[in-house]
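Working notes for the structure below.
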Amino acid sequence: MIPQTFEYSKAATLAEALKAVDGGAKPLAGGMSLIPLMKLRLAAPDHLVDIGSIADLNYIKEEGGAIHIGAATTHHQVESSALLRSKCPLLAETASWIGDVQVRNRGTIGGAVAHADPAADYPAALIALEAKFVLANSKGERTVSAADFFVDTFTTALEPGELVREVIVPIEASGVGTAYQKMVQLASGFAIVGIAVRVASVGGKITMARVGVTGVSPKPYRAENVEAALANGDVDAAAKLVSEGVDANSDIHASANYRLQMAKVFCARAIRQAMSRA
Amino acid sequence: MATTVTKHETLVGKSIRRREDPRLITGTATYVDDIQMPGMNHASILRSPHAAAKIKSINIDAAKAHPGVIAVFTGEDTKNVGPVPCGASLPGLRVPHHYILAIDRVYFVGHPIAVVVATDKYIARDAVDLIEVEWEPTTAIADPEKALLAGAPAVHPEWPDNTAFTYHQEGGDTDKAFAEADVVIKQRITSQRLVPNAMETRGVVCEWNLANRSMTLWSSTQIPHLMRTLVGLMLGLEENRLRVITPEVGGGFGSKLNVYAEEALMGFIAMKTGKPVKWIESRRENFLCTIHGRGHVDFYEIAAKKDGTITGLRVKILQDLGAYHQLLTPAIPTLSVLMLPGLYRFKNVSADIVGVFTNCVPTDAYRGAGRPEATHGIERMVDMLAAELKMDPAEIRLKNFVHNDEFPFPTATGLTYDSGDYAAPLNKALGIVDYTALRAKQVEARKAGKLMGIGMSTYGEICALGPSPATPAGGWESATVKVDPTGKVTLMTGSCHHGQGEETTFAQIAADELGIDIDDILVLRGDTAIVQYGIGTFGSRGTAVGGTAMYFALQTLKDKIKRYGAMLLESDDVTFADGSVICNKTGKSVPLAQIAGASYRAMKLPPNTEPGLLATYFWEPPNFTFPFGAHIVVTEVDKETGKIDISRYVAVDDCGRILNPLIVAGQVHGGVAQGLGQALWEHAVYDESGQLVSGEFMDYAMPKASMMPWIEAEHTCTPSPVNPLGVKGVGEAGTIGCSPAMVNSVVDALSVLGVKHIDMPMSSEKIWKLANAQA
Amino acid sequence: MKIAGNYTLALPQDRAYAAMQDPSILSKCMPGIDEMVKTGEDEYTMKMKMALASISSLFSGKVKIADKNPTSSFRLVVEGSGKVGFMKGDGVLKLSTVDGGTLVDYEGDVQVGGTIASVGQRLIDTTAKMMIKRFFDKMGEEAAK
Chain S
192 MIPQTFEYSK AATLAEALKA VDGGAKPLAG GMSLIPLMKL RLAAPDHLVD
242 IGSIADLNYI KEEGGAIHIG AATTHHQVES SALLRSKCPL LAETASWIGD
292 VQVRNRGTIG GAVAHADPAA DYPAALIALE AKFVLANSKG ERTVSAADFF
342 VDTFTTALEP GELVREVIVP IEASGVGTAY QKMVQLASGF AIVGIAVRVA
392 SVGGKITMAR VGVTGVSPKP YRAENVEAAL ANGDVDAAAK LVSEGVDANS
442 DIHASANYRL QMAKVFCARA IRQAMSRA
Chain A
413 MATTVTKHET LVGKSIRRRE DPRLITGTAT YVDDIQMPGM NHASILRSPH
463 AAAKIKSINI DAAKAHPGVI AVFTGEDTKN VGPVPCGASL PGLRVPHHYI
513 LAIDRVYFVG HPIAVVVATD KYIARDAVDL IEVEWEPTTA IADPEKALLA
563 GAPAVHPEWP DNTAFTYHQE GGDTDKAFAE ADVVIKQRIT SQRLVPNAME
613 TRGVVCEWNL ANRSMTLWSS TQIPHLMRTL VGLMLGLEEN RLRVITPEVG
663 GGFGSKLNVY AEEALMGFIA MKTGKPVKWI ESRRENFLCT IHGRGHVDFY
713 EIAAKKDGTI TGLRVKILQD LGAYHQLLTP AIPTLSVLML PGLYRFKNVS
763 ADIVGVFTNC VPTDAYRGAG RPEATHGIER MVDMLAAELK MDPAEIRLKN
813 FVHNDEFPFP TATGLTYDSG DYAAPLNKAL GIVDYTALRA KQVEARKAGK
863 LMGIGMSTYG EICALGPSPA TPAGGWESAT VKVDPTGKVT LMTGSCHHGQ
913 GEETTFAQIA ADELGIDIDD ILVLRGDTAI VQYGIGTFGS RGTAVGGTAM
963 YFALQTLKDK IKRYGAMLLE SDDVTFADGS VICNKTGKSV PLAQIAGASY
1013 RAMKLPPNTE PGLLATYFWE PPNFTFPFGA HIVVTEVDKE TGKIDISRYV
1063 AVDDCGRILN PLIVAGQVHG GVAQGLGQAL WEHAVYDESG QLVSGEFMDY
1113 AMPKASMMPW IEAEHTCTPS PVNPLGVKGV GEAGTIGCSP AMVNSVVDAL
1163 SVLGVKHIDM PMSSEKIWKL ANAQA
Chain E
1419 MKIAGNYTLA LPQDRAYAAM QDPSILSKCM PGIDEMVKTG EDEYTMKMKM
1469 ALASISSLFS GKVKIADKNP TSSFRLVVEG SGKVGFMKGD GVLKLSTVDG
1519 GTLVDYEGDV QVGGTIASVG QRLIDTTAKM MIKRFFDKMG EEAAK
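Residue numbers (the numbering used here), protein chains in the order written: chain S, 192 to 469; chain A, 413 to 1187; chain E, 1419 to 1563.
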């Protein structure tokens, strides 16, 4: 469990980090995925630039009617943020399900989304929240939606030389209930199935629904069919659509069929829990 | 002469906090990897990625040329080192020659091929990647049942049937019992392969002193003395020139009850290079190369009368041995056979073992070693029998237990159970859960559509391993007690505790026996140059055998102390109590420190008495001990997901006399955690080509604190007559009792759906499929 | 691990068949292949860089085409090994004409060994799927040129 030789530098500012990344350095934040891969020699970057202690990347703040989260903000900071808990509780709740205490103390939101593990927790919530990602490189910045950011298994819209600088989530309107329901893969703590739901209802009728799904397929997705069907008010019938036609992952922990079925169960549970909180 | 006598507080039986813990939890303890030596090199091992392959060529040139590399060795270099030893002997046992580095063929993923020695561990690891091996993969076989089919690939080409041995044992007349039975039930029951996963992986440091022709070997092991004997033989080094030191050991669970290739390999390297060398096993190597546990596919048949009286048991055990025999590999399933009758009276048992070679890492002792497999089998069969006869599982057990007046009880497998009250822990557990009310609650839960289960196991164990004729390497244990001239006491035990807490319990025994403060007592173990020859810690023997040896050494020493006391007090009528020898006539006393001083100063000696205060005792146990107990688990299965919730876990164990309730509770909790691991989560999965696909913590689910239920641990106490301490052993109890209770509970939950048996691990998906089979 | 699926190439069947056996196209379509050198009839050696998230590793190995049944089926064997382990894919591809082009049905075994097998268990299935999809996507692009 000894990595190959690599160069390490610690960036004090975002500009420094971007310069290093532009030069081919691999960004290191919490290291919760990268370091194990390096120790197994599955990953062997020549140069690591540590962005974990850049103060400019560590914040959770309300600004312009949205909540902005710096890329180097840890999962623990997200789960325990009073601001998020009151104004975007779905993200805080989802963060509390990530790995274990040690992982949450080190892992960062930027690192997690950039790694794009198909069983990571955040993507479900970020898709349901229609979050935006600010991606920076040495020349400037661009903003992409969560839907466009997650491209495939471990593959994102990040171009070489780009870093995730910030994640932007909306302030939840009153009357919106949210929930994250997860079936945990007990060895790794990742999701076998993770469903994030936001619903608003007027007079018992669902007027808005967003459903984000992780763990089930090679990339996280938004279940728009479920969202649309919820207007009919039949939660179970709507939840059953969540894995309709999905090419599900399969491994020693859960077969494709089991994932498809559990997606339905956890989707219904998440919807009901979200409705109860609306 | 002091006359004040302080009443010593009795410590045995009290929950003394472990004296070893402060250094363990503050990171100040010394493990093998903490050892640093001037000029020490580091070794890194190249291992096979193939489960079965011929080695066509190995090119080490680039590795040798890498800056910082001292040497690279392959199997050609080490082929004259003796083979990795197998200590078990069975009639007709086929023993493949287990070279410390593969020569021309590899037999499992992780098989060591070459070793790089370099000035630091990073260079050594980098250079391993520079070794080029040309492979010719052959077909591997990883499944023990398939390995026995005609035409299966041969693990060792010289033995095409993949059979290392067959073994038969029977008692009574099983055929007659089955012929006359009212009911016979058959079931295939598996105990899957598990990875022991001690928190500290293995590690070896070796130093060779050419001038003295002496070697010091530090190893994270449970058996330093046996290792000295065996590694000496492997290296051709006289045993008295080899010193084995076992520093702190971060868990073993049986996986360090072994001698591995790496110990001899580091010895070889130290001798070749003339420099100390260190090798620390990586977690990945630990998964791939340290022994696994269990690996049983068993075929059970139980015979009984209509009234539930069990009359006979037939079992065929397929033991997945892996590719080689490690120290005790083939012996483990024979322990299963001994344990087959469980706590029951029936006298007809017939057992067959087929030891099967597979292209996997060897199996060997893992917490319980053979006994959990058998207990799981018999306890499942008893439940299946109860279900068939529509009897309550508690009732059928109570009906078949050995009666209290039948001890010592000879079993069908040739054991003599020492003592017991087998109904006591079951009745206690039934009382704790309020069994009648609980069953009524279950009826209501079922009406409400809930899948609630109540499961129990009543288990026996074979502990305090054991009488020497019944063990491969001698089953006694040794102890030395010495009192220094200033009165401080050192205990040296031949057992080699590695987390069990004997540094505390042995000191409790000695403090009581000598009537002194526990802080005046030091417990040493694990250094062959300091401690007399010993056997080691495994098989729940540390206290029951090692503690007893200590007790007898203390008696010998006390006799000597009294003789010195009598001399100093000039009286023939003396008593040794509370740390002083007291004259029964005058009431005058002399404390231990003063006696010790006098014994070393030796101005005057009692008749026929040597100077100094030291006593050594080698204790040979007349029998095993047989702890027992009952676990009850209440579960609820979520039909939608297959998730199992444990709502109550009650463990009532009878381990004889309890020396330290806190330590016993810790053993039960840890044992139950590992039992739950087997029942619910853990599985060493090899794919068809022999790749270990659950080879890392991302895929191998260890029990975590957050996954544990609340354990209600209680006890009954039936002292063992085998030793004067009355202790039976508790190290493996939790593991042995847990898995059958757990499976019985979930089978009970799903019995309303017609489920009769579930193999472990009971994953959510497996349970979900069973719960939704009709849908 | 068994793997099966299908993909529709927007090409006539004869062109799809030819493209899938053309080393110049194959080398461009197999994800990460740097070079393919012909060593015999329908046999090539190759070097491949597998890159996925932070994982990247070099493999060298061979590609073999066998059991050719022109325009309707053939067998493709890809073997590679590197420091993190080895992999072998062996499958049969069946072609049939459908509306809009050629339907390619594939079925075979993927065997993975070494570190990647032991530690990447939950990634192998999704990765294999992704690489197959990339192969066909690229094949569609290349063959259309």
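All C-beta atoms, glycine included, are put in the ideal place defined by N, C-alpha and C.
*Could you tell me the distance, in whole angstroms, from the CA atom of A/T870 to the CA atom of S/Q464?*
Here residue 870 of chain A refers to the residue found at position 458 of the second sequence. Here residue 464 of chain S refers to the residue found at position 273 of the first sequence. So the two alpha carbons sit approximately 42 Å from each other.
_the stretch 445–462 of chain A / the stretch 606–622 of chain A touching (three or more Cβ pairs under 8 Å)_ = yes
*In chain A, what lies closer than 7 Å to E/K1501 by C-beta?*
For the purposes of this step, residue 1501 of chain E is taken as the residue at position 83 of the third sequence. Those are D541, listed as they occur along chain A.
_Can you look up A/I512 in the DSSP assignment and give me helix, strand or coil?_
In the second sequence, residue 512 of chain A corresponds to position 100, counting from 1. If DSSP states are grouped into helix, strand and coil, A/I512 belongs with coil.
*Closer than 6 Å by C-beta to S/A454: which residues in its own chain qualify, once you throw out the five before and the five after it? Chain order, please.*
The sequence position of residue 454 of chain S within the first sequence is 263, counting from 1. Taken in chain order, the residues that qualify are V384, V407, V433 and S434.
*asked:* Using only CA atoms, which one of A/E1144, A/V727, A/T602 and A/E1052 lies nearest to A/Q1086?
replied: On the second sequence, residue 1086 of chain A is found 674 positions in, with the first residue counted as 1. Nearest of A/E1144, A/V727, A/T602 and A/E1052 to A/Q1086, Cα basis: A/E1144.
*Could you tell me the distance, in whole angstroms, from the CA atom of A/I1128 to the CA atom of A/N1184?*
Position 716 of the second sequence holds residue 1128 of chain A. Position 772 of the second sequence holds residue 1184 of chain A. In the sequence under discussion, the amino acid at residue 1128 of chain A is Thr, which differs from the Ile named in the question. Approximately 41 Å between the Cα atoms of the pair.
*Could you name the residues of the same chain whose beta carbon sits closer than 6 Å to that of A/A1125, not counting the 5 residues immediately before and after it, in chain order?*
As a first step, residue 1125 of chain A is located in the second sequence; it is residue number 713 there, counting from the start. Excluding sequence neighbours, A/A1125 sits near A1063, A1077 and V1080.
*What runs of the beta strand (DSSP E), each 3 residues or longer, lie entirely inside the stretch 521–578 of chain A?*
524–530 and 544–549
*Can you list the residues of chain A that S/S446 reaches, using a CB-CB cut of under 8 Å?*
Counting from 1 along the first sequence, the entry for residue 446 of chain S is found at position 255. Those are E1177, listed as they occur along chain A.
*DSSP on E/R1540, reduced to helix/strand/coil?*
Along the third sequence, one-based indexing puts residue 1540 of chain E at 122. Under the three-state reduction of DSSP, E/R1540 is assigned to helix.
*Hey, is E/T1544's beta-carbon within less than 9 Å of any beta-carbon in chain A?*
Reading the third sequence from its first residue, position 126 is the one you call residue 1544 of chain E. Chain A, which has no Cβ nearer than 9 Å to the Cβ of E/T1544, makes this no.
*Mind listing which residues of the stretch 224–237 of chain S have their C-beta closer than 9 Å to chain A's C-betas, in chain order?*
P227, K230, L231 and R232
*Looking only at C-alpha atoms, which of A/E674, A/V893 and A/G872 sits nearest to A/D932?*
The sequence position of residue 932 of chain A within the second sequence is 520, counting from 1. Per the Cα distances, A/V893.
*Pick from A/K1181, A/A676 and A/N624 that is closest to A/A455, judged by C-alpha positions*: If you number the second sequence from 1, residue 455 of chain A lands on position 43. Measuring from the Cα of A/A455, the nearest candidate turns out to be A/A676.
*Residues of the stretch 424–444 of chain S whose Cβ lies closer than 7 Å to any Cβ of chain A, in chain order*: Cβ contacts with chain A come from I443.
*Go to S/D343, then tell me how far its beta strand (DSSP E) extends in each direction, as first and last residue.*
As a first step, residue 343 of chain S is located in the first sequence; it is residue number 152 there, counting from the start. Unbroken beta strand (DSSP E) run through S/D343: F341 to D343.
*Measure from the alpha carbon of A/G1107 to the alpha carbon of each residue in A/R953, A/A1096, A/P1039 and A/A1161, then state which is nearest.*
As a working mapping, residue 1107 of chain A is identified with position 695 in the second sequence. Each of A/R953, A/A1096, A/P1039 and A/A1161 was checked against the Cα of A/G1107, and the nearest Cα belongs to A/A1096.
*Residue-level contact to chain E via CB, S/F381, 9 Å cutoff*: What you label residue 381 of chain S is simply residue 190 of the first sequence in a count that begins at 1. Closer than 9 Å to some Cβ of chain E, the Cβ of S/F381 qualifies, so yes.
*To the nearest angstrom, how far is it from the Cα of A/G1149 to the Cα of A/A876?*
Taking the first residue of the second sequence as 1, we reach residue 1149 of chain A at position 737. Taking the first residue of the second sequence as 1, we reach residue 876 of chain A at position 464. For A/G1149 and A/A876, the distance between alpha carbons rounds to 17 Å.
*Might you give, ordered along the chain, the residues of its own chain that have their beta carbon closer than 7 Å to the beta carbon of A/N1035, omitting 5 neighbours on each side?*
Here residue 1035 of chain A refers to the residue found at position 623 of the second sequence. Here the set comprises T828, D830, P879 and V1134.
*Cα-Cα, which of A/D1171, A/I729, A/L810 and A/Q920 is closest to A/A1042?*
Walking along the second sequence from the start, residue 1042 of chain A turns up at place 630. It is A/L810 whose Cα lies nearest to the Cα of A/A1042.
*Run through DSSP, which three-state label would A/L1074 get?*
Against the second sequence, residue 1074 of chain A aligns to sequence position 662. In this structure, A/L1074 counts as helix in the three-state DSSP scheme.
*For S/I386, name the three-state secondary structure that DSSP assigns.*
Position 195 of the first sequence, counted from the first residue, corresponds to residue 386 of chain S. S/I386 falls in the strand class under three-state DSSP.
*Should A/K466 and A/E548 be called a contact, given that it needs their Cβ atoms to be closer than 9 Å?*
Taking the first residue of the second sequence as 1, we reach residue 466 of chain A at position 54. Taking the first residue of the second sequence as 1, we reach residue 548 of chain A at position 136. Yes.
*Between which two residues does the beta strand (DSSP E) containing S/N328 stretch?*
Counting from one through the first sequence, the residue named residue 328 of chain S turns up at place 137. S/N328 -> beta strand (DSSP E) spans K323 to N328.
*In chain S, which residues lie less than 9 Å from E/S1474 when you measure between Cβ atoms?*
Locating residue 1474 of chain E in the third sequence gives position 56, counting from the first residue. Neighbours of E/S1474 on chain S, chain order: L233, A234, A235 and P236.
_Taking the straight line between their C-alpha atoms, what separation do you get for A/E697 and A/D990?_
Counting from one through the second sequence, the residue named residue 697 of chain A turns up at place 285. Counting from one through the second sequence, the residue named residue 990 of chain A turns up at place 578. Each residue's alpha carbon lies about 52 Å from the other.
*asked:* Since S/A302 and S/A220 should fall inside the 8 Å C-beta cutoff, what is the C-beta to C-beta distance between them, to a whole number of angstroms?
replied: Working through the first sequence from its first residue, we reach residue 302 of chain S at position 111. Working through the first sequence from its first residue, we reach residue 220 of chain S at position 29. The question names Ala, yet the displayed sequence has Gly at residue 302 of chain S. Indeed they touch by this definition, with Cβ atoms about 4 Å apart.
*Go through its chain and collect everything with a Cβ distance to A/D532's Cβ below 8 Å, but skip five positions before and after it.*
Reading the second sequence from its first residue, position 120 is the one you call residue 532 of chain A. Contacts found: H454 and G480.
*Report buried or exposed for S/V393, applying the criterion of at least 16 other Cβ atoms within 10 angstroms of its Cβ.*
Sequence index remark: in the first sequence, residue 393 of chain S carries index 202 (1-based). Label assigned to S/V393: exposed.
_Span separating the alpha-carbon of A/F577 from that of A/H509_ = Sequence index remark: in the second sequence, residue 577 of chain A carries index 165 (1-based). Sequence index remark: in the second sequence, residue 509 of chain A carries index 97 (1-based). Each residue's Cα considered, the two are about 15 Å apart.
*Residues from the stretch 327–351 of chain S in contact with chain E, defined by Cβ distance under 8 Å*: D343, T344, F345 and T346
_Listed by chain order, chain A residues near S/M192 by CB distance under 8 Å_ = As a first step, residue 192 of chain S is located in the first sequence; it is residue number 1 there, counting from the start. Going along chain A in sequence order, the residues near S/M192 (Cβ under 8 Å) are S694, R695 and R696.
*Output the residue ranges of the beta strand (DSSP E) runs that lie fully inside the stretch 978–1032 of chain A and measure 3 residues or longer, sorted by chain position.*
986–989, 992–995, 1001–1003 and 1025–1031
*Could you tell me which chain E residues have their CB closer than 9 Å to the CB of S/K217, listed as they occur along the chain?*
For this step, residue 217 of chain S is matched to residue 26 along the first sequence. Going along chain E in sequence order, the residues near S/K217 (Cβ under 9 Å) are S1472.
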